[in-house]
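Colleague:
Residue numbers (our numbering), protein chains in the order written: chain A, 1 to 395; chain B, 396 to 790.
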């Protein structure tokens, strides 16, 4: 029994009520070759081979119609009230249930903008239309993107626990690295040693290991989604990490900053201190701004203003993104009103969502300062899921 | 540089010429969250994040239009003549190339019947239609299922080598098992010990390890896609294995048969000998029947006839399926004209395809006999990719 599947399927009926939807229909086949990204949340990691339908109604019904040889596996999830096996053709059972539920609109998994809500392939969509031909249902298919966005966003108890566990492991690997990093090491050596620890712990990466961790030392390191280079850590460098572990299917995403003192220095130079304090204040400003119901753009603005008012150029990315099964889990964004973000900065923040907060700035001559903290949206504000870095680590 | 990607993209132009198609357009986005199953063959394992288009023409042009930050990765494949990066919007570059190529029809990746040719999600299909709105191209999208079926089916040199390597590893694990299996072991113990060897070799499974290997001892073991049970091997049992390793991304799929002599027996009893000889003959009949251009149903019929004419009930599955990146790689099938196989048994066998041949029968009182060999279709007939089992293994 997978607690995630129980908890997530239990959330669906309220979401459908809020959105005044009669039915959410998840239609899939041969998921081992091409899966729908929603399935790990509502069914688990097992395959569904023949055409299979998972049906959810606002009054809490949860039905699975699938090939007979997979019926026992579906029952064992204990998430579905009824498991309806078929032998030859899904059509009779599917039509029977649709006629009984008699929905005015049927939400299915397609979305032009959100890949995580776009699990229904076009050929399978056509297949579904053919199955429903000669019924009124064929013309009632609408996008389930809002259902999926709410369901992925509002983390269940176990989901929050797993994200916390991934964060804890990420911080442990950081802590260990802070004990051995020193001038003379190359970026790539630092990354490989941290990766060795991830793999020794049997853990996975929140994004591909080519740039996880990202490691940037000093003013000349290319910051972005770049792989670590052969640049060597030197006294007087800022060292920037962007690192996240995936554990039990859930991700952490954290940035940390170290400064390497030059001989004779007892504290970092003033530009470094000022830059670091500015980023810390920007994070706190975003954190303070978070409240359910507010669009993410407001939070982005609060953090971005701290950076620009301190005289730094604004960062060229969103202040924060959602975190979950993926490091960038989609949906509402703490971002600016830039075309490439579409409508996501205007979607409301909701209780139970997990976001990163990650402003940054360049300190010329020393390097990049970016911090990234992971937070949970509570009923009225926010809660750090990890102790934020508020002091420069000095080595 | 990935040789598979070079070889497979080089195959495309001939396939388009044969099918009289002007353009194959592979349109994807955020493939780390939801990939198209064709990408590992024509692009590799790297992600494509922003909307990306891979274009192939019958005169051999291969273009990649994608986000600038992924352009260098695309160039490094060396498979694309031109890599066209964009910063904000794919539309101008895509329309410019379409206008230049000016195709009458554009094949895109959707298929009602073949999941491996159905990589385009419905939301992304709508996005593409919107991108092409106000051009003649919006109404020229057709299914690329025949392109993909041909491309996946016709194995390149490196693909055949990798399948052969997976077969060799599978046979080595079998050989080792034949040295230690003995009466008294449970099915599940046999499976776990073989799996330990797979994992010690750092190899992967051609299908999930819950039933890989499938292990069936004696007349009471449930044969099918079942997990091994606690049934204990006894003298007088037939032991049936269905096992396949995945190595460097390519699969093997092989069945083998062992008989455990009873005290005093020097050879298996007559019903076991007859059953085994019948299955061996059925495999040879299928093998002899294979020739390019023939529909798979003819090969199925040749093997099936041997089984039924010897007085056994016919097996309830297809005689053989294609093998490649997946253990069941889709497309043309060596199968009977049963509704659930759709048109696949009527698709022609082609040079370069790899098939399994796997007839089977039950010997009451002793157990199940199924053999499975992997073969390559040559220019005029077929070639075994592994030495077929023609003698019962006696223990």
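Virtual Cβ for every residue (Gly too), placed ideally from N, Cα, C.
Could I get the ranges of all uninterrupted beta strand (DSSP E) runs contained in the stretch 520-568 of chain B, with 3 residues as the minimum, in chain order?
Modeller: Taking only runs of at least 3 residues, the beta strand (DSSP E) segments lying wholly in the stretch 520-568 of chain B are 536-538.
Colleague: Does chain B have any CB closer than 8 Å to the CB of residue 29 of chain A?
Modeller: In the first chain, the residue the question calls residue 29 of chain A occupies position 29. Cβ-Cβ to chain B under 8 Å: yes for residue 29 of chain A.
Colleague: Indicate whether residue 761 of chain B and residue 716 of chain B have their beta-carbon atoms separated by less than 8 Å.
Modeller: Reading the second chain from its first residue, position 366 is the one you call residue 761 of chain B. Reading the second chain from its first residue, position 321 is the one you call residue 716 of chain B. Their beta carbons are not under 8 Å apart, which means residue 761 of chain B does not touch residue 716 of chain B by this criterion.
Colleague: Spell out whether any CB of chain B is found under 8 Å from the CB atom of residue 34 of chain A.
Modeller: If you number the first chain from 1, residue 34 of chain A lands on position 34. Yes - at least one Cβ of chain B is within 8 Å of the one on residue 34 of chain A.
Colleague: Please name the residue in B:435, B:682, B:612, B:508 whose C-alpha comes closest to that of residue 735 of chain B.
Modeller: In the second chain, counting from the first residue as 1, residue 735 of chain B sits at position 340. Among B:435, B:682, B:612, B:508, the Cα nearest to that of residue 735 of chain B belongs to B:508.
Colleague: Can you find the residues in the same chain that come closer than 6 Å, C-beta to C-beta, to residue 336 of chain A, ignoring five residues on each side of it along the sequence?
Modeller: Counting from one through the first chain, the residue named residue 336 of chain A turns up at place 336. These residues qualify, in order along the chain: 300.
Colleague: Have a look at residue 468 of chain B and residue 175 of chain A and give me their C-alpha separation to the nearest angstrom.
Modeller: One-based indexing of the second chain puts residue 468 of chain B at position 73. One-based indexing of the first chain puts residue 175 of chain A at position 175. If I take the Cα positions, the gap works out to 33 Å.
Colleague: Taking only three categories from DSSP, how would you classify residue 710 of chain B?
Modeller: Your numbering for residue 710 of chain B matches position 315 in the second chain. It is coil, neither helix nor strand.
Colleague: How close, in whole Å, do the beta carbons of residue 168 of chain A and residue 248 of chain A come, if the pair is a contact with beta carbons under 8 Å?
Modeller: Taking the first chain and counting its residues from 1, the one referred to as residue 168 of chain A is at position 168. Taking the first chain and counting its residues from 1, the one referred to as residue 248 of chain A is at position 248. So it is not a contact: roughly 12 Å between Cβ atoms.
Colleague: Using a Cβ-Cβ distance under 8 Å, would residue 203 of chain A count as near chain B?
Modeller: Locating residue 203 of chain A in the first chain gives position 203, counting from the first residue. Residue 203 of chain A does not count as touching chain B.
Colleague: Relative to chain A, which residues along the stretch 513-527 of chain B have a C-beta separation below 9 Å, given in chain order?
Modeller: Cβ contacts with chain A: 513, 514, 515, 516, 517, 518, 519, 520, 521, 522, 525.
Colleague: Does the CB of residue 797 of chain B have a neighbour CB from chain A at under 8 Å?
Modeller: Nothing in the structure corresponds to residue 797 of chain B, since chain B is present only between 396 and 790.
Colleague: In angstroms with no decimal places, state the Cα-to-Cα distance between residue 310 of chain A and residue 278 of chain A.
Modeller: Indexing the first chain from 1 puts residue 310 of chain A at position 310. Indexing the first chain from 1 puts residue 278 of chain A at position 278. Each residue's alpha carbon lies about 7 Å from the other.
Colleague: Taking Cβ positions only, does residue 506 of chain B come closer than 8 Å to chain A?
Modeller: Taking the second chain and counting its residues from 1, one reaches residue 506 of chain B at position 111. True, the Cβ-Cβ gap to chain A drops below 8 Å.
Colleague: Taking Cβ to Cβ, would you say residue 213 of chain A is nearer than 8 Å to residue 243 of chain A?
Modeller: On the first chain, residue 213 of chain A is found 213 positions in, with the first residue counted as 1. On the first chain, residue 243 of chain A is found 243 positions in, with the first residue counted as 1. Yes. Within cutoff.
Colleague: Between residue 9 of chain A and residue 258 of chain A, what straight-line distance do the alpha-carbon atoms span, to the nearest angstrom?
Modeller: Within the first chain, residue 9 of chain A is the residue found at index 9, counting from 1. Within the first chain, residue 258 of chain A is the residue found at index 258, counting from 1. Computed Cα separation, rounded: 43 Å.
Colleague: What is the rounded straight-line gap between the Cα of residue 118 of chain A and the Cα of residue 13 of chain A?
Modeller: For the purposes of this step, residue 118 of chain A is identified with residue 118 of the first chain, where counting begins at 1. For the purposes of this step, residue 13 of chain A is identified with residue 13 of the first chain, where counting begins at 1. Cα to Cα, the separation comes out at about 20 Å.
Colleague: Listing by chain order, which chain B residues have their CB less than 9 Å from the CB of residue 37 of chain A?
Modeller: Within the first chain, residue 37 of chain A is the residue found at index 37, counting from 1. Per Cβ cutoff of 9 Å: 428, 429.
Colleague: Which partner residues does residue 62 of chain A have in the DSSP bridge list?
Modeller: By one-based count along the first chain, residue 62 of chain A stands at place 62. Answer is A:56, bridged to residue 62 of chain A.
Colleague: Tell me the DSSP bridge mates of residue 370 of chain A?
Modeller: For the purposes of this step, residue 370 of chain A is taken as the residue at position 370 of the first chain. In DSSP, residue 370 of chain A forms a bridge with A:360.
Colleague: What are the boundary residues of the alpha helix (DSSP H) that residue 92 of chain A is part of?
Modeller: As a working note, residue 92 of chain A is residue 92 in the first chain. Taken as a continuous stretch (DSSP letters only), the alpha helix (DSSP H) holding residue 92 of chain A covers 91-101.
Colleague: For the stretch 245-332 of chain A, list the alpha helix (DSSP H) runs that are entirely contained and at least 4 residues long, ordered along the chain.
Modeller: Here the runs fully enclosed are 270-289, 296-309.
Colleague: If the criterion is Cβ atoms closer than 8 Å, does the pair residue 286 of chain A and residue 334 of chain A meet it?
Modeller: Walking along the first chain from the start, residue 286 of chain A turns up at place 286. Walking along the first chain from the start, residue 334 of chain A turns up at place 334. Against a cut-off of 8 Å, the Cβ pair of residue 334 of chain A and residue 286 of chain A comes out as a contact.
Colleague: Can you have a look at residue 387 of chain A and say buried or exposed, based on whether 16 or more other CB atoms are within 10 angstroms of its CB?
Modeller: Within the first chain, residue 387 of chain A is the residue found at index 387, counting from 1. Counting Cβ neighbours within 10 Å, residue 387 of chain A comes out exposed, since fewer than 16 surround it.
Colleague: Any residues in the stretch 316-328 of chain A with a beta carbon nearer than 9 Å to a beta carbon of chain B? Which ones, in chain order?
Modeller: Residues 326, 328.
Colleague: Give the residues of chain A in contact with residue 511 of chain B, contact being defined as C-beta atoms less than 8 Å apart.
Modeller: Indexing the second chain from 1 puts residue 511 of chain B at position 116. Residues of chain A passing the Cβ test: 33, 34.
Colleague: Assign residue 107 of chain A to one of three DSSP states: helix, strand, or coil.
Modeller: What you label residue 107 of chain A is simply residue 107 of the first chain in a count that begins at 1. In this structure, residue 107 of chain A counts as strand in the three-state DSSP scheme.
Colleague: Would you say residue 518 of chain B and residue 149 of chain A are within 8 Å of each other, going by their C-beta atoms?
Modeller: Working through the second chain from its first residue, we reach residue 518 of chain B at position 123. Working through the first chain from its first residue, we reach residue 149 of chain A at position 149. The answer is no: Cβ separation not under 8 Å.
Colleague: Does the distance from the CB of residue 744 of chain B to the CB of residue 687 of chain B come in under 8 Å?
Modeller: Counting from one through the second chain, the residue named residue 744 of chain B turns up at place 349. Counting from one through the second chain, the residue named residue 687 of chain B turns up at place 292. Contact: yes.
Colleague: Using a Cβ-Cβ cutoff of less than 8 Å, which residues in the same chain neighbour residue 359 of chain A once the five nearest sequence positions on both sides are dropped?
Modeller: As a position in the first chain, residue 359 of chain A is number 359, starting the count at 1. For residue 359 of chain A, where only same-chain residues beyond five positions count, the Cβ hits under 8 Å are 279, 282, 283, 286, 303, 304, 306, 307, 315, 319, 370, 371.
Colleague: So does the stretch 151-160 of chain A actually touch the stretch 185-199 of chain A, counting three or more Cβ pairs closer than 8 Å?
Modeller: No, the stretch 151-160 of chain A is not in contact with the stretch 185-199 of chain A.
Colleague: Taking DSSP as the reference, what is the three-state secondary structure of residue 23 of chain A?
Modeller: Residue mapping note: residue 23 of chain A aligns to position 23 of the first chain, counting from 1. Note: residue 23 of chain A maps to strand in three-state DSSP.
Colleague: Give the single residue among A:181, A:203, A:115, A:142 whose Cα lies nearest to the Cα of residue 108 of chain A.
Modeller: Within the first chain, numbered from 1, the residue matching residue 108 of chain A stands at position 108. The shortest Cα separation from residue 108 of chain A among A:181, A:203, A:115, A:142 belongs to A:142.
Colleague: Report yes or no: do three or more beta-carbon pairs, one from the stretch 483-503 of chain B and one from the stretch 377-392 of chain A, lie closer than 8 Å?
Modeller: As far as the Cβ criterion goes, the stretch 483-503 of chain B does not touch the stretch 377-392 of chain A, which means the pair count is below three.
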